[in-house]
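Heads up, the thing below is written out as structure tokens.
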Amino acid sequence: MFKILKNAWGIPELRKKMLYTLLLLVVFRFGSVIPVPWLDSSVLSEWVKTGGNTIFNIMDMFSGGAFSQATIFAMSISPYINSSIIIQLLTVAIPALERLSKEGEEGRKKISKITRYLSVALAFIQATGLYIGLKSANAVMQPGVFTFFVITLSFTAGTAFLMWLGEEITEKGIGNGISMLIFAGIVSRIPSMAVSVWKTFTGGDSKNYLAIILILAFAILVIAFVVLFNEGERRIPVQYAKRVVGRKMYGGQSTHIPIKVTMAGVIPIIFAMSLLAFPSTIVSLVSPNATSGFAGWILRFFRQDNVWYALIYFILIVAFTYFYTAITFNPIEVANNMKKNGGFIPGIRPGKPTSDFIAKVLSRITLVGAFFLGIIAILPIILALIDSKLSSISIGGTSLLIVVGVALETVKQLESQMLMRHYKGFLE
Numbered sequence: 502m503f504k505i506l507k508n509a510w511g512i513p514e515l516r517k518k519m520l521y522t523l524l525l526l527v528v529f530r531f532g533s534v535i536p537v538p539w540l541d542s543s544v545l546s547e548w549v550k551t552g553g554n555t556i557f558n559i560m561d562m563f564s565g566g567a568f569s570q571a572t573i574f575a576m577s578i579s580p581y582i583n584s585s586i587i588i589q590l591l592t593v594a595i596p597a598l599e600r601l602s603k604e605g606e607e608g609r610k611k612i613s614k615i616t617r618y619l620s621v622a623l624a625f626i627q628a629t630g631l632y633i634g635l636k637s638a639n640a641v642m643q644p645g646v647f648t649f650f651v652i653t654l655s656f657t658a659g660t661a662f663l664m665w666l667g668e669e670i671t672e673k674g675i676g677n678g679i680s681m682l683i684f685a686g687i688v689s690r691i692p693s694m695a696v697s698v699w700k701t702f703t704g705g706d707s708k709n710y711l712a713i714i715l716i717l718a719f720a721i722l723v724i725a726f727v728v729l730f731n732e733g734e735r736r737i738p739v740q741y742a743k744r745v746v747g748r749k750m751y752g753g754q755s756t757h758i759p760i761k762v763t764m765a766g767v768i769p770i771i772f773a774m775s776l777l778a779f780p781s782t783i784v785s786l787v788s789p790n791a792t793s794g795f796a797g798w799i800l801r802f803f804r805q806d807n808v809w810y811a812l813i814y815f816i817l818i819v820a821f822t823y824f825y826t827a828i829t830f831n832p833i834e835v836a837n838n839m840k841k842n843g844g845f846i847p848g849i850r851p852g853k854p855t856s857d858f859i860a861k862v863l864s865r866i867t868l869v870g871a872f873f874l875g876i877i878a879i880l881p882i883i884l885a886l887i888d889s890k891l892s893s894i895s896i897g898g899t900s901l902l903i904v905v906g907v908a909l910e911t912v913k914q915l916e917s918q919m920l921m922r923h924y925k926g927f928l929e
């Protein structure tokens, strides 16, 4: 990876793209400390610290701490992520969107425009809900109509500006703009997490340096495990029949259908995390100091140090992995496309037998991927249950998957751009 980065830096055009990307990421981090007017940031910081397992912790994680500081990027890019997921799900359900998705580049541009408009609308709705919650918590100074529009439009404009930054990185930078912004937000928390771990194990009379060494070794093993599964795939061999057109012969080549182990990515974890955070969020807004009754039971049950929470979390991740994979990958469509182009899987008849075979392979691979995602997601919870000191490790399974996935994808982008420039032997 470091060799590819070094070689890419040696190409003037790629060096400009890398510097441009770094410049925009610096702008993103500067924007993460610009406060929104008439807001008491201590209230949001308290929500994150004492909120337990709420949606506020998720927003703070994706924004790199901008939410707890009540800055213009407090909502981060989460409305855009929600909008993208909604449009992706609606593409399967609405024929008009499905037709657009099959119209090539023009269709994708129209879907991107719809996604952007929906993102702004969701951002304004989310900002309005956030304003109402902040007002009820007495965090809004001089509440009124003008204050409402200033705060909500600041949050909405921050999200819209992040969308523009992401698109600029994708078009003029090294690519994966939105992912790079999330990556930068998560990575920015690593120094504070490292300081927290250091103080936890070396503060006071006990200086447990061995524990820190073991934590580092364990972190390296987990990252290697994530890389292995993230790159893992099952390749189904495909053979194309030979066709003679005039004096030329077409086809006859062998290829494969790659089915990734983690085809669903981090989406199932985000779904499960948001669903489990919803009850705690509602209770923390309505009755934050509840210790008894139904509200108190909700806050206790949906805490991340609860064994039952970890079990439900794991089951939901497995279920959402199957659900999302079924929506995004259609074995019948793949089998029909192969049949139209004269392709077949050796030993399997074209048509329904092919789609059944692909579905069977997909189901087995998805099971492995679902268990992998579930284990990675609940690993921080298990560590915290074993030793409460380990709860200071704030980077969870979702963050780890995003960081590793974006890093690998960025390296692939640089590698492909270098190969396009025909630098012979560059990657040897």
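Its first residue numbered 502, the sequence shown is counted upward by one per residue in the numbering used here.
Heads up, the beta-carbon is just placed ideally off N, CA and C, and yes, glycines get one too.
Limits of the unbroken alpha helix (DSSP H) element including residue i
i	result
residue 449	Because the chain spans 502 through 929 in this model, residue 449 falls outside it and cannot be assessed.
residue 671	646 to 673
residue 856	853 to 887
residue 833	832 to 841
residue 799	794 to 802
residue 532	513 to 532
Where the beta strand (DSSP E) through residue i begins and ends
i	result
residue 689	Looking at the DSSP string, residue 689 is not in any beta strand (DSSP E), and its letter there is neither H nor E.
residue 739	734 to 741
residue 758	755 to 761
Under 8 Å between C-beta atoms of residue i and residue j
i	j	result
residue 571	residue 564	no
residue 669	residue 525	yes
residue 657	residue 624	yes
residue 655	residue 573	yes
residue 515	residue 914	no
residue 858	residue 740	no
residue 505	residue 916	yes
residue 731	residue 906	yes
residue 660	residue 578	yes
residue 825	residue 871	no
residue 803	residue 780	yes
residue 864	residue 833	no
residue 567	residue 620	no
Residue from the options with nearest C-alpha to residue i
i	options	result
residue 683	901, 611, 692	901
residue 679	504, 693, 673, 663	663
residue 582	530, 613, 509, 784	613
residue 550	569, 535, 534, 532	569
residue 820	795, 698, 769, 667	769
residue 589	616, 580, 577	616
residue 886	811, 593, 771	811
residue 727	674, 758, 873, 608	873
residue 666	822, 801, 523	523
residue 618	608, 650, 585	585
Cut-off 7 Å between Cβ atoms - residues of its own chain near residue i, not counting five sequence neighbours on either side
i	result
residue 814	773, 777, 878, 879
residue 903	683, 684, 687, 767
residue 852	836, 840
residue 738	755, 757, 846, 847
Residue-level contact to chain C via CB, residue i, 8 Å cutoff
i	result
residue 594	Among the chains of the structure shown, chain C does not appear; only one protein chain is present.
Neighbourhood of residue i by C-beta distance below 6 Å, restricted to the same chain and skipping five residues each side
i	result
residue 681	670
residue 642	539
residue 910	677
residue 928	Reliability fails at residue 928, whose pLDDT of 47 lies under 50, so the model's placement of it is uncertain and the value that follows must be treated cautiously. The answer is none, since no qualifying residue turns up.
residue 611	601
residue 689	565
8 Å CB neighbourhood of residue i in its chain, flanking five on each side removed
i	result
residue 531	none
residue 925	With a pLDDT of 47 at residue 925, under the threshold of 50, the modelled position of this residue cannot be trusted, and the question is left open.
Unbroken stretches of the alpha helix (DSSP H), 4 residues or longer, contained in the stretch 550 to 636: 556 to 564, 579 to 594, 596 to 602
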